[in-house]
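> Quick one: this structure, given as structure tokens, is what I'll be asking you about.
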Amino acid sequence: MTGLDSAAVWAAIAGYGLGLAASLAGSIFRLPRFSTTGIALGLTGVACHAAAVVVRWTVSGHAPVMGPYENALLGSFFLPPLFIALAWRYPAVRGAAPLVMAATLLILGNGVMAHQAHAPLEPPYRSNWLVVHVLFAWLAFGSYLVSSALAAHYLWTTRAGAPAPDPDRRPLVDELAARLIAFGFAADSIMIASGAIWAHGLWGRYWAWDPVETWSLVSWLVYGANLHLRFTLGWSGRRAAWLALASVLAVIISFFGIGVIASVHTEVL
Amino acid sequence: MPLLFRTLFSRRTAVTVMAAMAITLALAALVPEHDLADSVELRALRRERPLAAFIAENLRPDHVARSPVFLALPALVFVSTLISIIGRVRGEVRRRRARGDAALERFRHRVTVESPLSPDDAIEAAARALASARFDLSRDGFRLGGSRGAAGFAGSIAFHAGILVTLIGVSISGLTRANGEVLAVEGFPKALSPGEILRTARHDDFRALDGTILGVRDFTAGFSRGVDPVDYAVVVGVRGDGAEGERVVRVNQPFSVEGFQFTLHRYGYAPDLVVTGADGREAAAGTVVLRVVPPGTEDALPLPGGARLVVALYPDHATRDGFPGSRGMTPINPFIAFRVERDRAVVGSGTVVRGGRSEAGGVKVAFNGLRYWVSFVVSRDLGLPWFAIGSALIAAGLAARFLFYPEAVRVDAEVAGAGSALTVTLSARYFPALNAERAGRLASVIEAAARGSRGGTA
């Protein structure tokens, strides 16, 4: 890690950390100004995070996709901008800011603790499909995670005995979570399709049921069923929020669990 | 029968089937991967842990996905999706033919705004505002009707059609896919007769390649800092019907011969070894294909009398803590450590550098030169174009579904005091709260237009 990208990453962590503290204080003490400040600090974190991604990309000469540090750097990148864009347009979701900031910090922090040395792009990664596949993978991941943060926020604000400052806003949070799932599902589909076509050129088959492929299909099916339950069978509210939280488990296993429970793509070159 | 049909192909059943597929595959993905090609390992597993062997053999995702019970699930999804597409298209056609309230979607939100203009002028102003918000409008007296986002519906249909096409592609792949591997050593052209195709039980699938000769030379493996791979490339020559000439082939850059795709898959070292017995006769000679990547990995070649020569190759020899090691993967100073085994007992061991010879265990080993071997995955998949088209439809359909949100609007104008009152009803099929929020924004734009001022965006 160069001095510049190290500084940018730590500045991003500081921005998200302060954003987390401010938005948490805003939620606990019901101070809207703190919540707004939290979002603004989060935005500062996004700017520094973007700088870190650009520096890493420039210095290494390839998209940051090699190893746990680069995966964490890029994987956590899409969460805060997706959420902040949503919170800017729909202030009703701002209560979910602490969850999004905490998730971002967790992923980024985990990456920073990993080996950070630059590694060259391995031959299988030298493909035009790389950026498409990885970009949409992380977009899907970010959308699903932010949607589950909104679902958790919805469950918290609609729990028994919860104060209700503006009950009209609650369905909006629920519906925005569903919209994010739909967006994530589209990105997920592009990720799987581009990965399959890339795999055919790389390994001579577009599908081989290796753990990564299988779990990608599992999460796609889980979110496909999730959307069907919402749109065709009318699930909404707390039931749909619990469903969103359960669904995100498949994604977490897909992105972080496979190295633990099984090997990754099982090919040689 | 109609009830059974409706139940079997209902959307509720489709969701249940998707959940069943997800749960089955998730459980199958937890099965540890064993290399079942290694029958020794499998035999040991069968003997020591029969249940684990059964699970490893039969419950892995690829096995589960080929089972008739599992295949029935996507088949059900296919029929259910087809029925759903037909029903939805017919419903949409009916809905578009309908007039009045029936043209509005399920969730409706009504906002009334006032205007100093007459009802006729106010409805004109509202029409201009709605047109700029990309609504397709029709006017009937003091009533405006309109809709936008029709591409969203088309996107949803395209997405579901994409699933059908993808499933057709996967079925074609399952029925017609040919997949094998061919291994070639530098300097030894290989005739691609069906029997030369490895890792396949269906050699006849490759009959079209009969008569083709494949040769490889100048394999290069590029490494950063000597250990991190950055490039694998090999010059491939093909002679035969419809193919002639040489090309440089890299990972991710397959080439085609007779409709088969060749993909650079693996590589290794192929030392020229001559093994001479104690009687002075050659016990083994020729280029030996060794699977010894990474350095230090052992491979063996059989010798007469049940003996075998176990070999480890170090491409750029260096001693590490008293043991042989390698500085990197480039064969700058190749070095072979070998031992001779008889009846699983080591009877001798030695080392030999390129161009040298060594004696141990009653044999002489000469290391005359070093080549590379490379292997290619040879595949032909007639389902791939269907899969690609289906995937493109899925992606484009979902993008359209997300970007274009079907909405229908109605505006009624009536006289109110000196001006008029406009009742704006915005409707959407999903998301009532978002619809209410949008209706408020749209009403403020219409109100601004009907007052002669500029509002926000709708």
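Chains A and B supply the protein sequences, listed in that same order. Using my numbering, read the first sequence as starting at 286 and increasing by one per residue. Using my numbering, read the second sequence as starting at 58 and increasing by one per residue. Yeah, the Cβ is synthetic: ideal placement off N, Cα and C, and Gly gets one too.
Using a Cβ cut-off of 7 Å, pull out every chain A residue sitting near B/Asp-288, in sequence order please.
The answer, in chain order, is Pro-408.
> Tell me whether A/Val-378 sits in a helix, a strand or coil according to DSSP, three-state version.
Residue state, collapsed to three classes: helix.
> Indicate whether at least one CB of chain A lies closer than 7 Å to the CB of B/Ser-516.
Any question about residue 516 of chain B goes unanswered here, given that chain B covers just 58 to 515.
> Indicate whether A/Leu-390 and A/Tyr-301 have their beta-carbon atoms separated by less than 7 Å.
Against a cut-off of 7 Å, the Cβ pair of A/Tyr-301 and A/Leu-390 comes out as a contact.
> Could you name the residues of the same chain whose beta carbon sits closer than 6 Å to that of B/Gly-426, not counting the 5 residues immediately before and after it, in chain order?
Closer than 6 Å at the Cβ level, and outside the excluded window around B/Gly-426, lie Asp-329.
> Check A/His-347 in the structure and name its three-state DSSP category.
Three-state DSSP puts A/His-347 in coil, outside helix and strand.
> Can you give me the C-alpha to C-alpha distance between B/Arg-411 and B/Pro-391, rounded to a whole angstrom?
Their Cα atoms are separated by approximately 6 Å.
> Under 8 Å between beta-carbons, which chain A residues line up against B/Asn-236? List them in chain order, please.
Going along chain A in sequence order, the residues near B/Asn-236 (Cβ under 8 Å) are Gly-489, Arg-490.
> Output the boundary residues of the beta strand (DSSP E) element that contains B/Asp-193.
It spans 193-197 - the beta strand (DSSP E) in which B/Asp-193 sits, taken as one unbroken run.
> What does the Cβ neighbour count give for A/Met-398, buried or exposed, with the cut at 16 atoms within 10 Å?
Burial call: exposed.
> Here's a check: name, in chain order, each residue in its chain whose Cβ is nearer than 7 Å to the Cβ of B/Ala-208, leaving out the five neighbours to either side.
Taken in chain order, the residues that qualify are Ala-457, Phe-461.
> Check the Cβ of A/Ser-272 against every Cβ in chain B and list those closer than 8 Å, keeping chain order.
Outside the modelled stretch of chain A, which goes from 286 to 554, sits residue 272 of chain A, for which no answer is possible.
> On the DSSP bridge list, what partners appear for B/Asp-356?
For B/Asp-356, which the question treats as bridged, DSSP gives the partners B/Val-368.
> Mind checking B/Val-284: buried by the 16 CB within 10 Å criterion, or exposed?
So B/Val-284 ends up on the exposed side.
> Distance check for A/Val-338 and A/Ile-298, CA to CA, integer angstroms please.
For A/Ile-298 and A/Val-338, the distance between alpha carbons rounds to 13 Å.
> Mapping DSSP to helix, strand and coil, what is B/Leu-161?
In the structure shown, B/Leu-161 sits in coil (DSSP, three-state: anything other than H, G, I, E or B).
> State the Cα-Cα distance for the pair A/Ser-428 and B/Asp-262, rounded to the nearest angstrom.
C-alpha separation (whole angstroms): 44 Å.
> Under the three-state reduction of DSSP, which class applies to A/Asn-638: helix, strand or coil?
The displayed coordinates of chain A run from 286 to 554. Any statement about residue 638 of chain A would go beyond what the structure contains.
> Can you tell me where the beta strand (DSSP E) with B/Phe-312 in it begins and where it stops?
Where B/Phe-312 is concerned, the enclosing beta strand (DSSP E) stretches over 312-314.
> I need the straight-line Cα distance from B/Thr-480 to B/Ala-496, nearest angstrom please.
Taking the straight line from one Cα to the other gives about 11 Å.
> Roughly how many whole angstroms lie between the Cα atoms of A/Ala-370 and A/Leu-289?
Roughly 27 Å between the two C-alpha positions.
> Are the C-beta atoms of B/Thr-233 and some chain A residue less than 7 Å apart?
It does not; no Cβ of chain A falls within 7 Å.
> Taking 6 Å as the cut-off, is the beta-carbon of B/Phe-433 closer than that to any non-hydrogen atom of the ligand FMN?
The ligand FMN is absent from the structure shown, which contains no ligands of any kind.
> DSSP three-state call for B/Asp-469: helix, strand or coil?
The answer is strand: DSSP assigns B/Asp-469 an E or B state.
> Would a check of beta-carbon distances place A/Trp-423 closer than 7 Å to chain B?
With 7 Å as the cut-off, A/Trp-423 does not count as an interface residue toward chain B.
> Starting from the Cα of B/Thr-387, find the closest Cα among B/Phe-245, B/Leu-483, B/Gly-279, B/Thr-333 and give me that residue.
Of the candidates B/Phe-245, B/Leu-483, B/Gly-279, B/Thr-333, the one whose C-alpha sits nearest the C-alpha of B/Thr-387 is B/Gly-279.
> Go through its chain and collect everything with a Cβ distance to B/Asp-438's Cβ below 6 Å, but skip five positions before and after it.
Closer than 6 Å at the Cβ level, and outside the excluded window around B/Asp-438, lie Ser-230, Arg-234.
> Note the first and the last residue of the continuous beta strand (DSSP E) segment covering B/Ile-393.
B/Ile-393 -> beta strand (DSSP E) spans 392-399.
> What whole-angstrom Cβ distance do B/Ala-571 and A/Thr-499 have, given they're in contact under 8 Å?
Residue 571 of chain B is absent from the model: chain B starts at 58 and stops at 515.
> Establish whether the CB of B/Phe-263 and some CB of chain A are separated by less than 7 Å.
Output row for B/Phe-263: interface = no.
> How big is the Cα-Cα spacing for B/Thr-64 and B/Ala-83?
Using only the alpha carbons, I get a separation of about 26 Å.
> Assign B/Val-242 to one of three DSSP states: helix, strand, or coil.
B/Val-242 falls in the strand class under three-state DSSP.
> Closer than 8 Å by C-beta to B/Thr-138: which residues in its own chain qualify, once you throw out the five before and the five after it? Chain order, please.
Contacts found: Ala-71, His-217, Ile-220, Leu-221.
> Alpha carbons only, please: which of B/Gly-268, B/Pro-173, B/Pro-125 is nearest the one belonging to B/Glu-315?
Measuring from the Cα of B/Glu-315, the nearest candidate turns out to be B/Gly-268.
> Could you check whether the Cβ of B/Gly-512 sits closer than 7 Å to any Cβ belonging to chain A?
Here B/Gly-512 scores only 49 on pLDDT, less than 50, and its place in the model should not be relied on; the value that follows carries that caveat. No - not a single Cβ of chain A is within 7 Å of the one on B/Gly-512.
> Within the chosen definition, does the region 413-422 of chain B reach the region 438-453 of chain B through at least 3 CB pairs nearer than 8 Å?
Flag = no, the region 413-422 of chain B and the region 438-453 of chain B do not touch.
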